[in-house]
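Okay, structure first, notes after.
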């Protein structure tokens with residue numbers, strides 16, 4: 052069995068991982084897909100402290116660590132420009 056690369060889908064502010072429900076099935080043939088609800092968002096884990104890019108990024112990294120994952124493809128939707136800093140920071144840290 053060939054391992055597929057992991058793609059982490061990051062939703063926009065005020066959204067949840069459900070924003071990707073229609074997209075996930077399109078990607079699963081090529082990727083192991085993670086589409087979590089970000090910390091501090093409805094349905095996601097509690098965000099500890101002030102809501103900052105660093106805090107949300109730290110929470111995303113903890114999720115990857117808990118899954119035993121290193122490098123992943125981090126994706127956002129093009130309508131969520133505020134997500135690109137989180138994606139960039141996660142990508143650079145990995």
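Numbering (the working numbering), first residue to last: 52 to 145. Just so you know, even glycine gets a beta-carbon here, dropped at the ideal spot from N, CA and C. All values reported here derive from a predicted model rather than from experimental measurement.
Please state whether the Cβ-Cβ distance between residue i and residue j is less than 9 Å.
{"i": "residue 78", "j": "residue 58", "result": "yes"}
{"i": "residue 108", "j": "residue 62", "result": "no"}
{"i": "residue 70", "j": "residue 94", "result": "no"}
{"i": "residue 98", "j": "residue 105", "result": "no"}
Looking only at its chain, what residues have a beta carbon closer than 7 Å to the beta carbon of residue i, apart from the 5 residues adjacent to it on each side?
{"i": "residue 56", "result": "82, 124"}
{"i": "residue 100", "result": "106"}
Please work out which residues of its chain come closer than 6 Å, Cβ to Cβ, to residue i, disregarding the five sequence neighbours upstream and downstream, and give them in chain order.
{"i": "residue 96", "result": "90"}
{"i": "residue 143", "result": "Confidence in residue 143 is poor, its pLDDT being 47 and thus under 50, which makes the residue's placement unreliable; the coordinate value appears in the next sentence. Correct list: empty, nothing qualifies."}
{"i": "residue 110", "result": "90"}
Please return the same chain residues whose Cβ sits closer than 8 Å to the Cβ of residue i, not counting the five positions on each side in sequence.
{"i": "residue 75", "result": "60, 84, 86"}
{"i": "residue 52", "result": "Because the pLDDT of residue 52 is 44, which lies under 50, any placement of that residue in the model is unreliable, and the question is left without a value."}
**Request:** Assess, as a yes-or-no matter, whether the segment 69-89 is touched by the segment 107-120 under the definition of 3 or more beta carbon pairs within less than 8 Å.
**Result:** yes
**Contiguous alpha helix (DSSP H) assignments of at least 4 residues, all confined to the segment 52-139** = 75-78, 104-117
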